[in-house]
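A.B. asks: So for the sequence shown, the working numbering puts the first residue at 28; every next one is plus one. For every residue, glycine included, the Cβ atom is placed at its ideal position computed from N, Cα and C. I have a structure I would like to understand better, so I am pasting it below and will then ask my questions one at a time.
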Amino acid sequence: MPPQLRVYVPDHPLIKHWLGVARDVNTPGVLFKTAMSELGRWLTYEATRYWFPTLETTVNSPLAPCQATLINPQVPIAVIPILRAGLSLLDGAQTVLPVASIYHLGLVRDEETLENSCYLNKLPEKFAPDTQIIILEPMLATGGSIMRAMAEIAQREADISLVRIISVVAAPPALQQLNTHYPNLNVYTAIIDEGINEQGYIVPGLGDAGDRAFGT
Numbered sequence: 028m029p030p031q032l033r034v035y036v037p038d039h040p041l042i043k044h045w046l047g048v049a050r051d052v053n054t055p056g057v058l059f060k061t062a063m064s065e066l067g068r069w070l071t072y073e074a075t076r077y078w079f080p081t082l083e084t085t086v087n088s089p090l091a092p093c094q095a096t097l098i099n100p101q102v103p104i105a106v107i108p109i110l111r112a113g114l115s116l117l118d119g120a121q122t123v124l125p126v127a128s129i130y131h132l133g134l135v136r137d138e139e140t141l142e143n144s145c146y147l148n149k150l151p152e153k154f155a156p157d158t159q160i161i162i163l164e165p166m167l168a169t170g171g172s173i174m175r176a177m178a179e180i181a182q183r184e185a186d187i188s189l190v191r192i193i194s195v196v197a198a199p200p201a202l203q204q205l206n207t208h209y210p211n212l213n214v215y216t217a218i219i220d221e222g223i224n225e226q227g228y229i230v231p232g233l234g235d236a237g238d239r240a241f242g243t
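Below, the structure is given as structure tokens:
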């Protein structure tokens, strides 16, 4: 059986709560940004469950030596927020991954053609073979931005099976493209919406996550 994209929608009440806050058109910008940060935190928590490489060791408690399981510090972890909306998830993600390396990737979409262009690329020339990578992309809509990001990552010899995408809202067009080109991926999202409109926005979605988070 050929590999197939795995999309997880965690059944966590905190994720559902903050999604509802983020969706509400009446949520003020400062609270919207808080909601996105919390979604970044809890979705990253879910995405890293059973994913971190661990090692067994012995530590000394105040009373006696004991066995302990620790995250292996030798395995590199990279977080790639897709600017600018991805920055709204970064604060929350970093609370779960405080020692991860952060690589910024700036993409902007032409609102008429829906094509994207890159204005900032801080990815390394090459990823170490065992690097575990998390991409922060709040909206998986048409698929243009995430496919561009995946192409940039693949070009730098990343192991695609070690890549996980965190999104707040996903739509079928983006998921279908990912499944066609990168079926080994794992996507973690708060919800899968029904589709996109003619302007390329997810419906019902969140609106423009970058504008709402940063007020510009």
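Starting from the Cα of I218, find the closest Cα among Q31, L32, P29 and P37 and give me that residue.
C.D. replies: Here residue 218 refers to the residue found at position 191 of the sequence shown. Looking at the Cα atoms, P37 is the closest of the given residues.
A.B. asks: Excluding the five sequence neighbours on either side, which residues of its own chain have a C-beta within less than 7 Å of the C-beta of W69, listed in chain order?
C.D. replies: In the sequence shown, counting from the first residue as 1, residue 69 sits at position 42. Hits under 7 Å: H39, L41 and I42.
A.B. asks: Mind checking if T158 is an interface residue toward chain D, Cβ cutoff 8 Å exclusive?
C.D. replies: The structure shown has no chain D; it contains just one protein chain.
A.B. asks: Helix, strand or coil for R295 per DSSP?
C.D. replies: Nothing about residue 295 can be reported from this structure: the residues present for the chain run from 28 to 243 only.
A.B. asks: In angstroms, rounded to a whole number, what distance separates the CA positions of I160 and V52?
C.D. replies: For this step, residue 160 is matched to residue 133 along the sequence shown. For this step, residue 52 is matched to residue 25 along the sequence shown. If you take the alpha carbons of I160 and V52, they lie about 32 Å apart.
A.B. asks: Residue range of the beta strand (DSSP E) that G47 falls in?
C.D. replies: Reading the sequence shown from its first residue, position 20 is the one you call residue 47. Premise fails: G47 lies in the alpha helix (DSSP H), P40 to R50, not in any beta strand (DSSP E).
A.B. asks: Can we say the stretch 162-169 touches the stretch 107-116, given the rule of at least three CB pairs closer than 8 Å?
C.D. replies: Result yes; three or more Cβ-Cβ pairs closer than 8 Å.
A.B. asks: Please report how far the alpha carbon of N224 lies from the alpha carbon of T85, in whole angstroms.
C.D. replies: Counting from one through the sequence shown, the residue named residue 224 turns up at place 197. Counting from one through the sequence shown, the residue named residue 85 turns up at place 58. Cα to Cα, the separation comes out at about 56 Å.
A.B. asks: Using only alpha-carbon positions, find the residue among A197, R239, F241 and Q204 that is nearest to V230.
C.D. replies: The residue labelled residue 230 in the question sits at position 203 within the sequence shown. Minimum Cα distance to V230 is reached at A197.
A.B. asks: If you follow the beta strand (DSSP E) that I162 is part of, which residue opens it and which one closes it?
C.D. replies: Indexing the sequence shown from 1 puts residue 162 at position 135. It spans Q159 to L163 - the beta strand (DSSP E) in which I162 sits, taken as one unbroken run.
A.B. asks: Locate the beta strand (DSSP E) running through T96, then write down its first and last residues.
C.D. replies: Position 69 of the sequence shown, counting from 1, holds the residue named residue 96. Unbroken beta strand (DSSP E) run through T96: P92 to I98.
A.B. asks: Take R33 and list the residues in its own chain whose beta-carbon comes closer than 6 Å to its own, dropping the five residues that flank it on each side.
C.D. replies: For the purposes of this step, residue 33 is identified with residue 6 of the sequence shown, where counting begins at 1. If we look at R33 and ignore the five residues flanking it on each side, its Cβ neighbours are N213.
A.B. asks: Which term fits T169, buried or exposed, when burial requires 16 or more other beta carbons within 10 angstroms of its beta carbon?
C.D. replies: Mapped onto the sequence shown, residue 169 falls at position 142. Label assigned to T169: buried.
A.B. asks: What are the start and end residues of the alpha helix (DSSP H) that includes S172?
C.D. replies: Sequence index remark: in the sequence shown, residue 172 carries index 145 (1-based). It spans G171 to Q182 - the alpha helix (DSSP H) in which S172 sits, taken as one unbroken run.
A.B. asks: With a CB to CB cut of under 6 Å and the five nearest residues on each side skipped, what residues in its chain are close to D157?
C.D. replies: Position 130 of the sequence shown, counted from the start, is the residue given in the question as residue 157. Within the same chain, D157 has close Cβ partners V102.
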